[in-house]
Every structure is written in C-alpha cells, then in structure tokens.
Amino acid sequence: MKRRPGGRLPGLLLGLLLALPVLGGGGPETTLVVVNGASPLSLAVANAYARLRQIPTRHLLFLEEIPSLDSIDTDLFLQRIWKPTRDYLKQAGLSGQIDTIAYSSDFPYDVDFKKQLRRLKAPKNRLLGRRASLTGLTYYALQLNATNPAYLRQNLYYRRNLSPNRCPPPKDIEKGDLALFEASREQHKSKQFRDAVSGFRQLTRRYPKNRFVWFDLARSLAALGQVDDALEALDRAVSNCWSDTAEMRRDPYLKPLRNHPAFRLLLERMQASYGPFEATRGFSSRYHWARKPTGDDRDRYILSTFLAWTGWQGNSLPEVLRYLASAAASDGSQPQGTVYLMENPNVRSRTRQPLFPATRRALKARGRQVEILSRRQPGQDGILPRNRDDVIGMVGGSQHFDWEASGSRLLPGAIAETLTSYGAHFRLRKQTKLTAHLRHGAAGSSGAVAEPYAMQEKFPLPLLHSYYADGVSLAEAFYQSLRYPYQLLIVGDPLAQPYARFAKVSLRRPDPATPWRGRVRLMPQVQSVEGHPVVRVELWVDGRQQASAAPGIPIDWDTTGFADGDHSLRLVAVEANPIQTRTGLRLQVRLDNRGRRIVLQNPPGTATWGEKITLGGTAAGAQEVVLSRGSLTLARVPVSDGSWRAVVPSERLGIGPVTLVARSHYPEGTGARAQLQLQITPPPPSPALPDDSQRQPGLRVTTIDTAGQREERVIDGLDKGSMKSLTGGGRYRQVEIEGVFRVDGSGFYELVFATRGRIEVEIDDRPLLDKSLGGKHPEGFGGISLQPGWHRLRIVLRPKGRLRFRYLISGATPAFELKDDRVGHLP
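Per the numbering used here: the sequence shown = residues 31 to 857.
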C-alpha cells in the first residue's frame, strides 16, 4: 500500500447533493441479476439467489461470450456486458425501474480503461490507475460512452462531510517537483533535517494548500527542536484539512510537541472537522443526485455488486450459498452485534483511523455497539477482533488476516472489509482477499482491483456501518460511503437489510385463489412499524410496475391487457422517509378474460443436470408455444391439434430452483401464460479411482507438431509455469494431456478452458467438453460431480496458431491448480 502526496483526480465533476427524498430504496423488484449463461456455477448462484430473494423471472439476464478468466477493456465491457444489458432493460420494459445490477459468478472482476484514456489524450496520473472494477464501472454505466470517462467522476450519492472546516483535495505535486519532494523525504529519513526543511519550504511556496507537504515540514522542524516553527507548520497542515490524529499522536518526531497546549488544540480542531455528515438516503437510479440540473445522465447511477467470486482465490459454491442464505435470513433481524474498528500502525489502518471517533459517535447515537480495538487491549492485535462472537461489522487495515485463528464469529448480515491494495486483484497472490470475509459468514465485503495509493476516497468510510444501521441495503450503505467507487469491487448480497424495519402487507380482496377478470380493484392492507409510516403501495405485475396508491386507497388494475393464465403480483409498501424501505407481498394469480389456457401435462418437479427435460401440454387454438426464462428463450415449438412438446437441455437452466414461463401465441393477439417450478439437481458423483501405488508424478503429454513429429514428455501440471514448455514452443497439430488429478471435496465442479482451436476434455472417460473455440477471449465450460479422490483426465488440443491454454476448476471446493501433488499419471 503506497501513500501519495496529493489527492486530486483529473476531470472530476464536483457537485453537491440535494437534500430531498429519493424515489427508491432496494428490493427484488428493482434488481436485475446478470448471469454468465455458459457457466454452470454462474447459473447455480443466480438460481439460488433468485429463489432466496424472489427475484422476478423477467429480471434475469443471461449473457453469452463473457470472458471469465480475463481482464477486459472498456470496449469489450460495452460490447458484451453493458449494451446487451441496456438493450434488454429497454426491450423488457424495465428502463428506469432497475436500481441494482447483481452479477452472478464467472464475470471478469476488472476493466482496463487505458485505451479509452489514450483516445481521449488524458494526461497520465498514477493515482488514477488504469483499471476499474466491474461493479464500479457498472455504477457509472448510465453515463458511459466512448468519449466520456464518467467512471473517474465524483460519486454524487456519496454522503458529504458538512463540517465548515472541510476543504477540497490538495493539488497534485507536479512531475517536476516530485523529485524534490521524494529527495526531501529521503533527507529526513537520513536525519539530514536542515536539507529536508529547505526542500519542504520550497514546496510549501509552490503548493501552499498541500497538507502533506506542511505536515512533513513540521516533522523535520520538530526534529531540529524548532518547536514554534513546527507548530506553525502543523497549524497550516490542519488548516488545509490534515486530519490524521492517530499519526500525529504516534509520530516520534512530534513527541516534543505533544504536551504543548497548541498541539492539543490542533488535535481538537482535527476531530471537529469530521461531521456532521449528510443524512442516510435510499437510492434510485431515476434520481438526479446533483444540486444543479445537468440536462443529461451525468448524475445518475446504478448500484452494482458481484453475488460471488468463484475464480482463483475465490469462494466455493457451498460457501457462496451459505453466505447468501444467511444474508437473506438476516433481513429485519435487528442484530445486537458490535462494529469493530481495527487500529494498528499500518498505513492501511491509519488511513481511516481519523474517522473512527465520528463513526463511534454515529453508531452510539443509533443505539448500536461499537469498539475500537488495538494492540493496547489485552488479547487483541488490531488486525481482526479476537475471541468476539458478535461481529456485525469490521473495518480492517492489514494485508493478511485469518478469521479461523481469530476465534471470532461474524453474525448474519455482517459487513467486513479491509483497506489494502489488492483485496480484489485475484490474479495476484499477494494479500488476503475479500473472499476470506465471505467464507466466514459476511454478507458483503469489498476490495481494490488495483493499487489505490492509500486514498481514503477509494474505500468506504467507516460510517458505512452507521448508514447500514439506519436500515438501508448493503449496496446502498457501500455506495453512499464511497467517494470514488470505480476501483472497488463489492461482493455479496446487495439487498441485505438486517436493520430495516419492515411493514406488514396483506391483500383484503379480491381473493387470489380465484381467477380474476376485467377491471380488478385491489384493497391492500398495510400495518406499518411505529415511527415508520408508509407513503404509498405499488402494484408490480410480472416484474413491472403498473400502478401505485396511498395507503388505504384501492388500486385499480385492468387485467384485459394481459395474457390469460399465471401471473406474479407484488404489493410493495414504501416507507415515508428518505430511506424508503420497501416491504413486498408476493402473490400468484390466474387471469381468465378470454377462456384461453396453456396446460402443462405431468410436468416434472425435478430433473438431473445433464438430462434433457421434456415438457408438453395443450394450448387449444394457439399457433405456437414459447418457453422462456428471463431473457433466455429455451424453446419455440408449434402447436399441432392443440398439443405441443418441447425439449430443454437442463444445462441451460443450471443447478438449483428455476421458474420457467410458457406462453402460447394466438393469431388474434394476446395469448395465455403458465409458470412451472423445477428443481435441477446435481448429477451423481463420479466415483474416485482406487488408490494406486504405481501412480507417478506429473501429467503425460504427447505432442504432434505441424511436420508430423511426435514427442512425449511429462510436465508438473497445467499451471502457467509447467505449461510454458508447450505454450512457449513451436506450433502443434495436436497436444494430448493424460493423467489423473485429485479433488478434496465431494460435489459439483466446473471446469473452464481458454484456448484457440478444437478442445476435447474427458474426466473418468466421460466427455466433458468437445468444442471449437475462437474469437477474442474464447472460453469453454463443462461440469461434473466428483467424489473425493483421484480421477482420470484427458485433454486433446488442436490449436489454431500458437498454443494458448488456461483453465480453472472450482465448485465444491475453492479453485485449485492442477499441479504437483494434485496430479499424476499411471505407467
């Protein structure tokens, strides 16, 4: 983690927020789940989450050709992710109704925007970096176009510090002066204090508002015993918003000043510079967050998180399902846990320590428990809470941590995150990743995808826990605590609301058990929580809002514009305050305006992944039946003599609970609709091989080059280093890899392969993948259930051009590499 002497990002849009109620607040009806349609794990995670959160079927978007193993650039983000998403929202009638985009697993976690900056001829700035997180870039997606690097702008949803003592970020030290700045710091380290003072004084004349320069000058002056001059320099640093009280108290060079009354007054001034902050707000993508109208979308956003990261250094599928279920179950539970603010001498902790007192005050004002932990307390280390079983929040600052060894327990709904350089840079094997928090029960966490240079603005304020305690969702708490969210990856359940206070919603009439027809008058009944009145009740049909009314006022719905048959209704009560907590009642109703019906005959309740699912029934008078699931059309079949039949590959649905929609189309227009619930179960696990004492290390490789020459060798595994002898070599007509590999857990595994050309994969003599891969970022997916132990592996590659090969195996256990003692071959 590197410190920087300035904090300004180029081209930032500065603006203020309107202190007005927003239009939203998070809920399943305002959430879109985006799925990698080729990935078995992405489908499984999305299926589980959609059932846990009752996500409308219309709100599932399945994308193809998503490069899960690679970083992508902004052009590819637009082409394969954002434009298809935007187009689907428009086509499905969801434009302006989606506040949150939740990505399932197997999406790229970072986006390289270097190419776009080069096109714009933007000046180089190391603080800016060149990579954004996928969630951060999605947050700015409404603003994004080919000529506008909107993700560099300030987040206007961020809750500002309203202290009269606040000031803007200091001007960056220009490239020509950086050498002087670094030389002066080196002179200070070498105890050449007079030379250091001379250099820092030159810089204060050029950068009179740079608090970092004034603070460094004060340290060198104090080292020379020039107390009055040092206090004057500190006063200038504080006047320009130096606010790190912990560093001032701890710095050994400032020790001679600590008992001086002026020093204590400076500390008091610094503490007073934090707060009050803007009040907690619910979020809406329709809301314009700027104080002054912009006439465009430059002040509109979309919340975004990953539901899971299951790639390298990620979570297993069972871990993901556990923390998502725990987060959903925590809603409204009002957990009596403690937020722990971890204090240690590392810059990763010091960066946010100045905000700890303000965070403690804010949480205590809300009646919540909060504690600052450091090495000064017996049994604590300032890294993680030790032997505490009530962790509902954790603000960390260390590059390595171990929840297992801490003896502490994260409560359902907890947010735990750590400020460090590479908490979400999963290709780097440095630092403990954010997925460790999720593994041990957190509902959500975050991490940087690129070096953030210890900029507090790129990480959530500790105050996110006070916003969370006010009842907003996890995603809302994160984004209103982030000034510059573009490099932070947020992973977890965006809708978790453990501190929300939900109303009770019921329907007095009509009876949903009987068919409805014509113009229907709905009489919702709402029992609000004391002190939390409801402002309106919304009617949503099949994932789209149709109407709203004040509490106690009936809602009229003309059903004649909808197909006969099954429909999903939601009555959503919206709280009358700036947070606007949403409470939903979900109902299934059947419409009967034209006497049309689509009937599913003997539908299967369950199916095994890998099977073909046969569905059929009747649809009298219809021309065709279309089976779909969200954006995915599964089958389009003709109706013959009133009957229809369709076959759906279960792999396209994924493991877990799924809802299918069957629509019958008629020559006269509006048709009929039916819904089907299915449970897709994993296939039986392939048995492990008997233990074989003849097993030899490594995998056997047979290559045939373009001249027909055959060569055999043994490599240590499929990792990059072991494969280098192949990928760095000549051109091959065919490469065959044979051997055995070991898995440690029983369950379903996904294998991803990236190569160009033909690839065939067999495990235990069962075909897993047989496909030609090409284009940009080509990937092939396969899935299989395995028992713990050893299994046969055979891969045949027929490369197109020079051999390129990467892979990933994950699922029942976190991702692991096929190398060393995990692989072998039989003689």
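Virtual Cβ for every residue (Gly too), placed ideally from N, Cα, C.
Boundaries for Met553: no alpha helix (DSSP H) harbours it, while the beta strand (DSSP E) harbouring it runs 549-557, taken from the DSSP string. Take Ala507, set aside five residues on each side of it, and the residues of its chain with a beta-carbon closer than 6 Å to its own are Leu494, Tyr497, Tyr498, in chain order. Contact between the segment 391-406 and the segment 372-382 is established, with three or more Cβ pairs separated by less than 8 Å. Taking 8 Å as the cut-off, the Cβ atoms of Ile520 and Ile332 do not count as close.
In terms of CA proximity to Val744, Val731 leads the group Val731, Ala737, Thr736, Met753.
Within the segment 105-140, the complete beta strand (DSSP E) segments of 3 residues or longer fall at 130-133, listed in chain order.
The straight-line gap separating the alpha-carbon atoms of Ser98 and Thr381 is approximately 33 Å.
With a cutoff of 8 Å on beta-carbon distance, Gly229 and Ala845 are scored as not near each other.
A buried status is given to Asp246, since no fewer than 16 other beta-carbon atoms sit within 10 Å of its beta-carbon. According to the DSSP assignment, Met278 belongs to the alpha helix (DSSP H) that extends over 275-280. Put simply, the segment 560-576 does not touch the segment 539-546. Fewer than three CB pairs are less than 8 Å apart. Of the candidates Lys750, Leu748, Thr733, Asp749, the residue whose Cα lies closest to the Cα of Glu742 is Thr733.
Rounded to the nearest whole angstrom, the C-alpha separation of Val400 and Ser438 is 15 Å. Take Lys239, set aside five residues on each side of it, and the residues of its chain with a beta-carbon closer than 7 Å to its own are Pro200, Lys201, Asn270, in chain order. Taking C-beta atoms under 8 Å as the contact rule, Asn417 and Gly409 qualify, at a distance of about 7 Å. Under the 8 Å Cβ criterion, the segment 100-110 does not count as touching the segment 67-77, having fewer than three qualifying pairs. DSSP places Asp671 outside both helix and strand once states are collapsed to three, so it counts as coil. Inter-residue distance for Pro198 and Pro387 is about 22 Å (C-alpha atoms, whole angstroms). Minimum Cα-Cα distance from Glu349 among the listed residues Ala676, Leu468, Gln575 corresponds to Leu468.
Excluding the 5 residues flanking it on each side, Arg703 has same chain C-beta neighbours closer than 6 Å at Ala593, Gly595, Asp596, Arg693, in chain order.
Within a 10 Å sphere around the beta-carbon of Ala392 sit 16 or more other beta-carbons, which makes this residue buried.
Within its own chain, the residues whose Cβ lies closer than 6 Å to the Cβ of Thr448, once the five positions on either side in sequence are excluded, are Gly426, listed in chain order.
Annotation for Tyr304: Asn191, Ser193, Ser273, Pro384, Leu385, Pro387, Ala388 place their beta carbon closer than 8 Å to its own, counting only its chain and skipping 5 residues before and after.
Residue burial is scored here from C-beta neighbours: Lys205 has fewer than 16 other C-beta atoms within 10 angstroms and is therefore classed as exposed.
Spatial neighbours of Gln555 in its own chain (CB-CB distance under 6 Å, excluding positions within 5 residues in sequence) are listed in chain order as Ser536, Arg538. Under the DSSP assignment, Trp433 falls in the alpha helix (DSSP H) whose first and last residues are 433-436. Using a Cβ-Cβ distance cut-off of 8 Å, the segment 289-306 and the segment 472-481 are not in contact, since fewer than three pairs of beta carbons, one from each stretch, lie closer than that value. If the five residues before and after Gly367 are omitted, its C-beta is found closer than 8 Å to the C-beta atoms of Gln399, Asp420, Val421, Ile422, Gly423, Leu441, Ala444, all from its own chain and listed in chain order.
Of the residues assessed, Pro829 falls on the buried side of the cut-off, its CB having 16 or more other CB atoms within 10 angstroms. Contact between Ala676 and Leu657 holds: CB atoms are separated by about 5 Å, below the 8 Å threshold.
Selection Asp588, Leu827, Phe431, Asn289 evaluated against Gly412 yields Phe431 as nearest (Cα-Cα). Just so you know, the alpha carbons of Glu262 and Ala248 end up roughly 8 Å apart.
DSSP, reduced to helix, strand and coil, places Tyr837 within a strand of the structure shown.
In this structure, the alpha-carbon of Gly684 lies about 25 Å from that of Arg824. Closest in C-alpha terms to Leu748, from the list Arg834, Ile609, Tyr118, comes Arg834. Here the segment 547-563 makes contact with the segment 523-535; the two share three or more CB pairs at distances below 8 Å.
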